[in-house]
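Visitor: Residue numbers (this note's numbering), protein chains in the order written: chain A, 25 to 274; chain B, 57 to 355.
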Amino acid sequence: MLKIEDLTKDFGGLRAVDHCSFEVPQNSIFGLIGPNGSGKTTIFNLITGFLKPDEGQVSFNGEVIVNLQPYQIIQRGIARTFQLVRIFRNMTVMENMLLAPKGQRGEKVSFALFNPPWARRQERENTKKALKLLTLFGLDRFRDEYAGNLGHAEQKLVELARALMTDPQLILLDEPTAGVDPSLIAKILSYIRKLRDEQGMTFLIVEHDMRVIMNLCERIVVLNYGRKIAEGTPEQVSNDPKVIDAYLGV
Amino acid sequence: MIFHLLVLITIYAILSISLNLAVGVTGLFNLGHAAFFGIGAYTSALLNMAGVPFWLALLAGVCMASLIAFLIGLPTLRLVGDYLAVATMGLGEIARAVFKNWISVTRGPMGLPGIPHASLFGFAFDSFAKFLALSAACLGIVYILAETLIRSPFGRVLKGIREDEIAVQALGKNSFWFKMWSLVISAGIAGLAGSLFAHYMGFIDPSSFGMWLTFFILLIIMLGGLGNNLGAVVGAVIFVVVREGLRFVGLPPAIAAPLQQLLFGVLLIVMTIFAPRGLIPERKAVTRYKVNAEDRGPD
Numbered sequence: 025m026l027k028i029e030d031l032t033k034d035f036g037g038l039r040a041v042d043h044c045s046f047e048v049p050q051n052s053i054f055g056l057i058g059p060n061g062s063g064k065t066t067i068f069n070l071i072t073g074f075l076k077p078d079e080g081q082v083s084f085n086g087e088v089i090v091n092l093q094p095y096q097i098i099q100r101g102i103a104r105t106f107q108l109v110r111i112f113r114n115m116t117v118m119e120n121m122l123l124a125p126k127g128q129r130g131e132k133v134s135f136a137l138f139n140p141p142w143a144r145r146q147e148r149e150n151t152k153k154a155l156k157l158l159t160l161f162g163l164d165r166f167r168d169e170y171a172g173n174l175g176h177a178e179q180k181l182v183e184l185a186r187a188l189m190t191d192p193q194l195i196l197l198d199e200p201t202a203g204v205d206p207s208l209i210a211k212i213l214s215y216i217r218k219l220r221d222e223q224g225m226t227f228l229i230v231e232h233d234m235r236v237i238m239n240l241c242e243r244i245v246v247l248n249y250g251r252k253i254a255e256g257t258p259e260q261v262s263n264d265p266k267v268i269d270a271y272l273g274v
Numbered sequence: 057m058i059f060h061l062l063v064l065i066t067i068y069a070i071l072s073i074s075l076n077l078a079v080g081v082t083g084l085f086n087l088g089h090a091a092f093f094g095i096g097a098y099t100s101a102l103l104n105m106a107g108v109p110f111w112l113a114l115l116a117g118v119c120m121a122s123l124i125a126f127l128i129g130l131p132t133l134r135l136v137g138d139y140l141a142v143a144t145m146g147l148g149e150i151a152r153a154v155f156k157n158w159i160s161v162t163r164g165p166m167g168l169p170g171i172p173h174a175s176l177f178g179f180a181f182d183s184f185a186k187f188l189a190l191s192a193a194c195l196g197i198v199y200i201l202a203e204t205l206i207r208s209p210f211g212r213v214l215k216g217i218r219e220d221e222i223a224v225q226a227l228g229k230n231s232f233w234f235k236m237w238s239l240v241i242s243a244g245i246a247g248l249a250g251s252l253f254a255h256y257m258g259f260i261d262p263s264s265f266g267m268w269l270t271f272f273i274l275l276i277i278m279l280g281g282l283g284n285n286l287g288a289v290v291g292a293v294i295f296v297v298v299r300e301g302l303r304f305v306g307l308p309p310a311i312a313a314p315l316q317q318l319l320f321g322v323l324l325i326v327m328t329i330f331a332p333r334g335l336i337p338e339r340k341a342v343t344r345y346k347v348n349a350e351d352r353g354p355d
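1. If you draw a straight line from the alpha carbon of Lys215 (chain B) to that of Pro308 (chain B), how long is it in whole angstroms?
2. When you check each C-beta in the stretch 324 to 346 of chain B against every C-beta of chain A, which residues fall closer than 8 Å?
3. Which term fits Gln128 (chain A), buried or exposed, when burial requires 16 or more other beta carbons within 10 angstroms of its beta carbon?
4. Would you grab the beta carbon distance between His232 (chain A) and Gly203 (chain A) for me? Rounded to a whole angstrom, and I think it's under 8 Å.
5. By a C-beta neighbour count over all protein chains shown, 10 Å radius and 16 as the cutoff for buried, is Thr82 (chain B) buried or exposed?
6. Mind pulling the alpha helix (DSSP H) runs of 4 or more residues that sit fully within the stretch 131 to 175 of chain B?
7. Give me, in chain order, the residues of the same chain whose beta-carbon lies closer than 8 Å to that of Ile222 (chain B); leave out the 5 immediate sequence neighbours on both sides.
8. Would you verify that the beta carbon of Ala124 (chain A) is, or is not, closer than 8 Å to some beta carbon of chain B?
9. I'd like to know whether the C-beta of Tyr271 (chain A) is nearer than 8 Å to at least one C-beta of chain B.
10. Name the chain B residues whose beta carbon is nearer than 8 Å to that of Ile195 (chain A)?
11. Just the C-alpha distance for Thr204 (chain B) and Ile277 (chain B), rounded to the nearest angstrom, thanks.
12. What's the C-alpha gap between Ala118 (chain A) and Thr151 (chain A)?
13. How would you list, in chain order, the residues of chain A whose beta-carbon sits under 7 Å from the beta-carbon of Ser208 (chain B)?
14. Any Cβ of chain A within less than 8 Å of the Cβ of Asp355 (chain B)?
15. Output the distance between the C-alpha atoms of His173 (chain B) and Leu318 (chain B), rounded to the nearest integer angstrom.
16. Grab me the residues of Leu64 (chain B)'s own chain with a C-beta within less than 8 Å of its C-beta, minus the 5 sequence neighbours each way, in chain order.
17. In its own chain, which residues sit with a C-beta less than 6 Å from the C-beta of Val286 (chain B), not counting the 5 before and 5 after it?
18. Helix, strand or coil: which one does DSSP assign to Cys57 (chain A)?
19. With 9 Å as the limit, tell me which residues of the stretch 86 to 99 of chain A have their beta carbon closer than that to any beta carbon of chain B; keep them in chain order.
20. Mapping DSSP to helix, strand and coil, what is Lys235 (chain B)?
21. Would you call the CB atoms of Ala246 (chain B) and Ser74 (chain B) closer than 8 Å?
22. How do the stretch 230 to 245 of chain A and the stretch 43 to 59 of chain A stand: do at least 3 beta-carbon pairs fall below 8 Å, yes or no?
23. For the stretch 133 to 142 of chain B against the stretch 98 to 110 of chain B, are there 3 or more C-beta pairs whose distance is under 8 Å?
24. For Ile105 (chain A), tell me which candidate among A:Thr65, A:Arg113, A:Val133, A:Leu123 has the shortest Cα-Cα distance.
25. Within 10 Å of its beta-carbon, does Thr257 (chain A) have 16 or more other beta-carbons around it, so buried, or fewer, so exposed?
26. Spell out whether any CB of chain B is found under 8 Å from the CB atom of Thr116 (chain A).
27. For Gln225 (chain B), count neighbouring Cβ atoms within 10 angstroms of its own Cβ and tell me buried if that reaches 16, exposed if not.
28. Quick one: is Val213 (chain B) near chain A, going by C-beta distance under 8 Å?
29. Determine which residues of the stretch 134 to 163 of chain B have a Cβ less than 9 Å from any Cβ of chain A, and write them out in chain order.
30. With a threshold of 16 other CB atoms inside 10 Å of the CB of Leu123 (chain A), please say whether the residue is buried or exposed.
31. Going along the chain, which residues of its own chain have a beta-carbon closer than 6 Å to the beta-carbon of Ile229 (chain A), five neighbours each way excluded?
32. The alpha helix (DSSP H) with Arg251 (chain A) in it runs from where to where?
33. May I have a chain-ordered list of the alpha helix (DSSP H) segments no shorter than 4 residues that lie completely inside the stretch 299 to 334 of chain B?
34. With burial defined as no fewer than 16 other Cβ atoms inside 10 Å of the residue's Cβ, what is the status of Gln179 (chain A): buried or exposed?
35. Could you pull out every residue in the same chain whose Cβ sits closer than 8 Å to the Cβ of Leu302 (chain B), ignoring the five residues on either side in sequence?
36. From Phe110 (chain B) to Gly258 (chain B), what distance separates their C-alpha atoms?
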């Protein structure tokens with residue numbers, strides 16, 4: 025579904041991503057791990073167009089997306105969250121959710137001014153959908169609260185729920201469980217599995233918590249200094265001497 | 057006299073609402089706003105003096121301000137934050153330099169005297185009270201227009217851009233065109249205010265459209281509450297009353313003008329410390345559709 029070929033990115037003299045290739049199959053939960061500074065977030069930014077690679081290709085459903093703008097890539101069915109949450113702090117949780125859906129008629133100035141019934145109907149449908157998601161994530165009681173007033177863990181959930189409002193086929197999650205308390209982590213992981221099983225979504229996850237990765241992902245790519253050093257199932261990877269040397273330690 | 061104050065209030069309020077859309081709602085730190093006011097004023101005045109009917113001249117003023125905003129937006133809206141502020145500040149100065157030096161058209165520093173009264177279908181708005189009716193009607197229309205936009209999904213995206221433009225892009229929105237719309241509409245409304253100003257005063261010169269005007273309008277919307285149109289109107293009322301009120305105190309002009317600026321400076325400092333969100337902060341957009349139990353869905 026998502027294919028990365030020979031991807032390379034330099035920041036000045038530093039090679040952040042070095043000839044990296046892997047393929048994320050449809051309907052999988054795919055892990056991307058590596059020590060700090062190994063290029064994981066850079067790969068996310070390259071996939072979503074926030075950075076342009078120096079070499080290599082990214083293709084999604086067979087289409088090369090590497091030259092597209094971020095908004096064009098997202099419109100093709102990819103969603104992402106950020107390592108440091110990016111929510112609209114001075115807007116309510118519901119506004120955060122309603123901003124996300126694609127193809128909103130009321131985003132055109134003419135429809136915004138005259139607000140025809142078909143634009144209103146769409147807004148109502150989106151509100152319903154948002155409520156369902158917020159209820160699923162236990163956030164419905166915060167819906168008219170400013171998102172900036174929520175705790176860090178709730179903000180991460182808002183960001184994830186908001187990403188789901190775009191109806192993505194593929195979701196890139198950058199450390200979805202960092203700073204989230206353990207009881208909530210279990211909940212997030214079960215949502216991810218559920219979305220994969222019931223709605224056929226595909227996940228690409230960057231994560232530092234090895235337990236999360238080992239228990240959630242079917243396939244893992246390990247990066248070190250921007251280079252892919254291993255790929256395989258959690259068992260294969262955790263027994264790979266190169267991985268143990270670079271990452272798992274001792 | 058009271059009608060004169062009220063007319064000034066309506067013109068400043070329209071101008072404040074327009075800047076509020078760009079700065080307060082979208083977060084575009086536009087420091088060249090006075091230029092759009094001036095472009096509207098000069099375009100409308102010159103056309104009307106050349107025999108074009110008032111309503112058409114006014115419309116042309118609006119369109120010209122929007123068109124210039126579009127051309128300015130093409131390169132500058134790719135800039136963010138402080139860079140946008142510096143670029144728009146420069147453009148504001150360029151506009152003023154053009155008004156001042158394009159003497160064959162604008163008569164430069166001598167200004168344009170004898171701008172005809174506003175008139176619609178043979179009815180001339182030739183007294184303070186009549187003109188107030190016109191400018192108040194314009195304020196009403198602009199207010200409703202701005203409110204409708206801000207509360208719409210379009211306005212929601214503008215607010216999102218103010219909060220975090222990267223997150224907006226990560227939701228698949230082309231933030232550039234949203235910013236462009238915001239700037240173009242904001243400039244068009246400023247052009248409308250400029251046209252009203254020119255036909256009300258009957259005389260304009262480049263000194264009316266300097267940097268100080270942009271800063272005063274910024275002060276008004278920060279005072280009233282960024283992102284809130286009612287705040288912009290209330291800010292305009294306070295601004296005009298304080299400024300014009302000082303003239304009645306009977307201070308010599310050499311003291312009155314600096315004192316006025318000092319007062320606004322102090323006001324701004326006090327506001328940012330004690331009420332950083334302004335007198336009437338941005339309204340919270342609560343969920344509009346009634347929530348039924350079944351909408352929460354199973355699970």
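Don't be surprised by glycine CBs; every beta carbon is placed ideally from N, CA and C.
Guide: This is what the structure gives:
1. The residue labelled residue 215 (chain B) in the question sits at position 159 within the second sequence. The residue labelled residue 308 (chain B) in the question sits at position 252 within the second sequence. In a straight line, the C-alpha of Lys215 (chain B) is about 45 Å away from that of Pro308 (chain B).
2. Glu338, Lys340, Ala341, Val342, Thr343, Arg344, Tyr345
3. Here the question's residue 128 (chain A) lines up with position 104 in the first sequence. It counts as buried.
4. The residue labelled residue 232 (chain A) in the question sits at position 208 within the first sequence. The residue labelled residue 203 (chain A) in the question sits at position 179 within the first sequence. The Cβ separation is near 11 Å, so there is no contact.
5. What you label residue 82 (chain B) is simply residue 26 of the second sequence in a count that begins at 1. It counts as buried.
6. 137 to 157, 159 to 162
7. Counted from its first residue, the second sequence places residue 222 (chain B) at position 166. Answer for Ile222 (chain B): no residue qualifies.
8. Position 100 of the first sequence, counting from 1, holds the residue named residue 124 (chain A). Answer yes: the Cβ-Cβ gap between Ala124 (chain A) and chain B drops below 8 Å somewhere.
9. Here residue 271 (chain A) is taken as the residue at index 247 of the first sequence, counted from 1. No, Tyr271 (chain A) does not count as interfacial toward chain B.
10. Taking the first residue of the first sequence as 1, we reach residue 195 (chain A) at position 171. Near Ile195 (chain A) there are no residues of chain B at all, since even the closest Cβ is about 11 Å away, more than 8 Å.
11. By 1-based counting over the second sequence, the position of residue 204 (chain B) is 148. By 1-based counting over the second sequence, the position of residue 277 (chain B) is 221. Their Cα atoms are separated by approximately 19 Å.
12. On the first sequence, residue 118 (chain A) is found 94 positions in, with the first residue counted as 1. On the first sequence, residue 151 (chain A) is found 127 positions in, with the first residue counted as 1. For the sequence presented, residue 118 (chain A) should be read as Met rather than Ala. If I take the Cα positions, the gap works out to 8 Å.
13. Residue mapping note: residue 208 (chain B) aligns to position 152 of the second sequence, counting from 1. Neighbours of Ser208 (chain B) on chain A, chain order: Gly130, Ala136, Asn139.
14. Mapped onto the second sequence, residue 355 (chain B) falls at position 299. Any reading at Asp355 (chain B) is ruled out, since the residue's pLDDT is 43, under 50, leaving its predicted position unreliable.
15. Mapped onto the second sequence, residue 173 (chain B) falls at position 117. Mapped onto the second sequence, residue 318 (chain B) falls at position 262. Spanning the two alpha carbons is a distance of roughly 35 Å.
16. On the second sequence, residue 64 (chain B) is found 8 positions in, with the first residue counted as 1. Closer than 8 Å at Cβ, skipping near neighbours: Val296, Glu300.
17. Against the second sequence, residue 286 (chain B) aligns to sequence position 230. According to the sequence shown, residue 286 (chain B) is Leu rather than Val. Ile336.
18. Numbered from 1 along the first sequence, position 33 holds the residue referred to as residue 57 (chain A). Residue identity check: residue 57 (chain A) is Ile in the sequence provided, not Cys. Strand, per DSSP.
19. Listed by position along the chain: Gln93, Pro94, Tyr95, Gln96, Ile97, Ile98, Gln99.
20. Residue numbering aside, residue 235 (chain B) sits at position 179 when the second sequence is read from its first letter. If DSSP states are grouped into helix, strand and coil, Lys235 (chain B) belongs with the helices.
21. As a first step, residue 246 (chain B) is located in the second sequence; it is residue number 190 there, counting from the start. As a first step, residue 74 (chain B) is located in the second sequence; it is residue number 18 there, counting from the start. It is a contact, given that the beta carbons lie within the stated cut-off.
22. yes
23. no
24. As a first step, residue 105 (chain A) must be located in the first sequence, where it is residue number 81. Sequence inspection shows Thr at residue 105 (chain A); the Ile mentioned does not correspond to that position. Thr105 (chain A) has its Cα closest to that of A:Thr65, out of A:Thr65, A:Arg113, A:Val133, A:Leu123.
25. The residue given as residue 257 (chain A) occupies position 233 in the first sequence. So Thr257 (chain A) ends up on the exposed side.
26. Here residue 116 (chain A) corresponds to residue number 92 of the first sequence, with the count starting at 1. For Thr116 (chain A), the answer is yes, since a Cβ of chain B falls inside 8 Å of its Cβ.
27. For the purposes of this step, residue 225 (chain B) is identified with residue 169 of the second sequence, where counting begins at 1. Under this definition Gln225 (chain B) is a buried residue.
28. Stepping through the second sequence from its first residue, residue 213 (chain B) is reached at position 157. True, the Cβ-Cβ gap to chain A drops below 8 Å.
29. none
30. Walking along the first sequence from the start, residue 123 (chain A) turns up at place 99. Leu123 (chain A) is buried by the Cβ-count criterion.
31. Translated into the one-based positions of the first sequence, residue 229 (chain A) becomes position 205. Excluding positions up to five away in sequence, the list reads Gly55, Leu197.
32. Residue mapping note: residue 251 (chain A) aligns to position 227 of the first sequence, counting from 1. Taken as a continuous stretch (DSSP letters only), Arg251 (chain A) belongs to no alpha helix (DSSP H), being part of the beta strand (DSSP E) at 251 to 256.
33. 309 to 330
34. Here residue 179 (chain A) corresponds to residue number 155 of the first sequence, with the count starting at 1. Label assigned to Gln179 (chain A): buried.
35. Taking the first residue of the second sequence as 1, we reach residue 302 (chain B) at position 246. Cβ within range, chain order: Ala312, Leu315, Gln316, Leu319.
36. On the second sequence, position 54 is the one that residue 110 (chain B) refers to. On the second sequence, position 202 is the one that residue 258 (chain B) refers to. Distance between the alpha carbons of Phe110 (chain B) and Gly258 (chain B): 13 Å.
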